[in-house]
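In numbering that gives the first Met the number 0, the protein residues as written are 0 to 455.
Glycine is no exception: its CB is placed at the ideal position from the N, C-alpha and C atoms.
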Amino acid sequence: MKLDRDFFKNVLDLSYDEIFVCDGTGTTLYCNERFEKNYGITRDEMLGQKTTYLVENGYSTHTPIPEVIATKKTVTRPQRTATGKLLIVTARPHFDEHGNIDYIVENCRDITELEAVKEELNEKELELARIKYKIKKDLDENSQGFQSFTSPSMVEVATIVKKVAPTDVTVLIQGESGTGKTFIANSIHRNSARKDQPFISINCSTIPETLFESEFFGYTSGAFTGATTKGKTGLIELANGGTLFLDEIGEIPLQLQGKLLQVIQEKKFTPVGSTKETHIDIRIIAATNQPLEQRIRENKFREDLFYRLNVVSLTMPALRQRQEDIESLATFFLKKYATQYKKEHYFSSQVMDILIKYHWPGNIRELENLIQHIVVMSSNEEISRLDLPTKLIIESDEQLIPSVSMDFEHLMETYERSLLEESMRHYKSSYKIAQHMNISQTKASRLLRKHRLTSK
Numbered sequence: 000m001k002l003d004r005d006f007f008k009n010v011l012d013l014s015y016d017e018i019f020v021c022d023g024t025g026t027t028l029y030c031n032e033r034f035e036k037n038y039g040i041t042r043d044e045m046l047g048q049k050t051t052y053l054v055e056n057g058y059s060t061h062t063p064i065p066e067v068i069a070t071k072k073t074v075t076r077p078q079r080t081a082t083g084k085l086l087i088v089t090a091r092p093h094f095d096e097h098g099n100i101d102y103i104v105e106n107c108r109d110i111t112e113l114e115a116v117k118e119e120l121n122e123k124e125l126e127l128a129r130i131k132y133k134i135k136k137d138l139d140e141n142s143q144g145f146q147s148f149t150s151p152s153m154v155e156v157a158t159i160v161k162k163v164a165p166t167d168v169t170v171l172i173q174g175e176s177g178t179g180k181t182f183i184a185n186s187i188h189r190n191s192a193r194k195d196q197p198f199i200s201i202n203c204s205t206i207p208e209t210l211f212e213s214e215f216f217g218y219t220s221g222a223f224t225g226a227t228t229k230g231k232t233g234l235i236e237l238a239n240g241g242t243l244f245l246d247e248i249g250e251i252p253l254q255l256q257g258k259l260l261q262v263i264q265e266k267k268f269t270p271v272g273s274t275k276e277t278h279i280d281i282r283i284i285a286a287t288n289q290p291l292e293q294r295i296r297e298n299k300f301r302e303d304l305f306y307r308l309n310v311v312s313l314t315m316p317a318l319r320q321r322q323e324d325i326e327s328l329a330t331f332f333l334k335k336y337a338t339q340y341k342k343e344h345y346f347s348s349q350v351m352d353i354l355i356k357y358h359w360p361g362n363i364r365e366l367e368n369l370i371q372h373i374v375v376m377s378s379n380e381e382i383s384r385l386d387l388p389t390k391l392i393i394e395s396d397e398q399l400i401p402s403v404s405m406d407f408e409h410l411m412e413t414y415e416r417s418l419l420e421e422s423m424r425h426y427k428s429s430y431k432i433a434q435h436m437n438i439s440q441t442k443a444s445r446l447l448r449k450h451r452l453t454s455k
């Protein structure tokens with residue numbers, strides 16, 4: 000092998016880094032093959048040109064050569080090029096025997112991919128920070144503790160949570176929609192050793208079937224049509240180190256249940272488009288409002304997955320089955336939304352009685368939404384019967400209808416007077432009472448006189 004000019008030319012052209020040489024005035028003397036890939040122009044076009052030619056013609060954002068000539072020192076600077084590359088350029092001068100710059104050698108390292116990885120890591124860190132903030136915010140806003148519950152069924156739930164929280168055992172929470180399954184999952188997480196790590200909550204019923212795999216497990220660059228060039232971290236990986244809460248677990252497509260089973264059993268999975276397995280450390284809590292045993296019989300849910308999830312089973316009681324807790328829940332939500340909307344409210348004893356006796360088909364979620372609505376719409380500090388939705392009033396009135404026979408006219412008279420008295424507590428004039436009851440002022444005045452009630 001001859002170490003001639005061709006040998007050294009080939010060595011320089013094979014270099015991953017760009018090698019660029021100019022004289023002491025900044026005139027280009029040499030550049031290797033990598034130069035063309037970095038800037039998108041030929042070497043022949045650049046040879047003999049001043050290094051500022053690249054900046055003046057939009058091929059790069061900066062050149063360190065003028066700074067090297069002025070300071071006679073090695074200079075390192077970042078540089079963006081017209082081809083979209085990010086370079087780290089180090090320009091080092093060589094001096095002649097008189098101390099003058101003889102020539103300057105630039106070494107240009109392409110760090111575009113490294114920067115992309117850094118940005119991706121930053122994005123993940125930001126995403127995790129946002130998740131942690133949301134978890135803390137949700138926990139602060141929903142910090143209704145077990146100590147506020149007095150019903151036997153919730154005392155039993157609290158006992159189970161206290162036992163399972165310190166462990167990593169998989170928990171399956173069952174119960175009607177709106178009973179507080181997410182609250183229980185949060186409680187288990189924040190009382191576990193993983194409390195400072197992510198709590199990722201996934202509602203499986205909200206993810207389209209075609210996106211399940213990519214959203215759950217993530218994907219690599221170009222894994223499918225429409226995939227981002229950077230790929231995407233899956234929700235499962237975002238939970239690494241923490242807790243993964245799978246709400247509405249019964250909605251997971253059957254063809255993906257095997258992959259989820261692998262996550263539970265082996266703590267690993269393969270992202271879409273990848274050949275490498277990703278290992279994770281997570282705790283899994285699942286919840287459902289469906290009878291999973293029935294879905295197993297219908298061949299819609301894997302039996303082996305059910306048994307893996309159902310290590311500890313916990314059933315949330317419906318709100319109608321725990322009337323003892325309604326007052327504390329209602330008071331908690333009233334305080335929460337009164338603070339949020341900067342208002343002052345309290346329940347009348349009549350309203351609290353109605354809330355306790357109502358059957359709450361939507362459970363805690365319905366109660367919370369109702370109280371938020373009342374806080375926003377009520378103009379008075381005292382929340383009265385008139386602030387409640389019609390369906391609650393009707394159900395309450397139905398409970399008041401006596402089982403023994405009573406004169407119809409007398410019953411209607413009593414009910415009419417009750418409505419007027421309730422209206423007068425909030426609306427002092429016949430005009431406002433009429434407006435509220437959607438009748439004329441004349442009729443309102445006549446009814447008040449009939450029942451010997453006075454107004455302004």
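Our two residues, I284 and F198, have alpha carbons roughly 10 Å apart in a direct line. When Cβ pairs closer than 8 Å are counted between the two stretches, the region 303-314 is seen not to touch the region 341-359, the count staying below three.
Burial state of S186 is buried, judged by a 10 Å Cβ sphere holding 16 or more other Cβ atoms.
When C-alpha distances from P165 are compared across K275, R282 and E112, the shortest belongs to R282. For V104, no alpha helix (DSSP H) segment is defined; the enclosing uninterrupted segment is the beta strand (DSSP E) at I100 to D109. Around the beta carbon of H188, 16 or more other beta carbons lie within 10 angstroms, which makes this residue buried. For A184, there is no enclosing beta strand (DSSP E); the enclosing alpha helix (DSSP H) covers residues K180 to R189. The Cβ atoms of Q440 and S429 sit closer than 8 Å to each other. Linking E35 to V271 through their CA atoms gives a straight-line distance of about 35 Å.
For I201, the enclosing beta strand (DSSP E) stretches over residues F198 to N202. Between L313 and V168, the gap from beta carbon to beta carbon reaches 8 Å or more.
Within the same chain, Cβ atoms closer than 8 Å to the Cβ of L243 are found at I199, I201, L234, I235, I281, R282, I283 and I284, the five residues on either side in sequence being excluded. The bridge partners DSSP lists for L243 are I199 and I283.
Checking the DSSP bridge columns, you'll see I18 partnered with N106.
The region 13-28 and the region 91-111 touch, with three or more beta-carbon pairs separated by less than 8 Å.
Distances from the CA of I279 to each of R42, H61 and L259 were compared; the closest alpha carbon is that of L259.
For F94, the pairing in a beta bridge is given by DSSP as I100. Cβ neighbours of I206 within its own chain (closer than 7 Å, five residues either side excluded): E214. Between the C-alpha atoms of P252 and L210 there is a straight-line separation of about 11 Å.
Between K84 and T111, the CB-CB gap stays under 8 Å. Going by C-alpha positions, Y336 is about 15 Å away from N379.
By the C-beta density criterion, D324 is buried, having at least 16 other C-beta atoms within 10 angstroms.
The beta carbon of N288 sits closer than 6 Å to those of E175 and S176, all from its chain and outside the five residues before and after it, given in chain order.
If you check the CB distance, Y38 and S59 come in under 8 Å.
Look at S152 here: in three-state DSSP terms it is helix. The beta-bridge partner set that DSSP reports for P252 is empty. For S273, the CB contacts under 6 Å within the same chain, skipping 5 residues up- and downstream, are T219 in chain order.
Rounded to whole angstroms, R384 and E394 show a C-alpha spacing of 12 Å. Rounded to the nearest whole angstrom, the CA to CA distance from K1 to E276 is 47 Å.
In terms of Cα proximity to L391, the closest of L171, V350, K71 and N31 is V350. Within the same chain, Cβ atoms closer than 8 Å to the Cβ of G241 are found at H188, R193, Q196, P197, F198, I199, I281 and R282, the five residues on either side in sequence being excluded. For L28, the number of other beta carbons within 10 angstroms of its own is below 16, and it is reported as exposed.
Contact between G23 and I68 holds, since their C-beta atoms are separated by about 7 Å, short of 8 Å.
Rounded to whole angstroms, the gap between the alpha carbons of R294 and I370 is 35 Å. Under the three-state reduction of DSSP output, T89 falls in the strand class.
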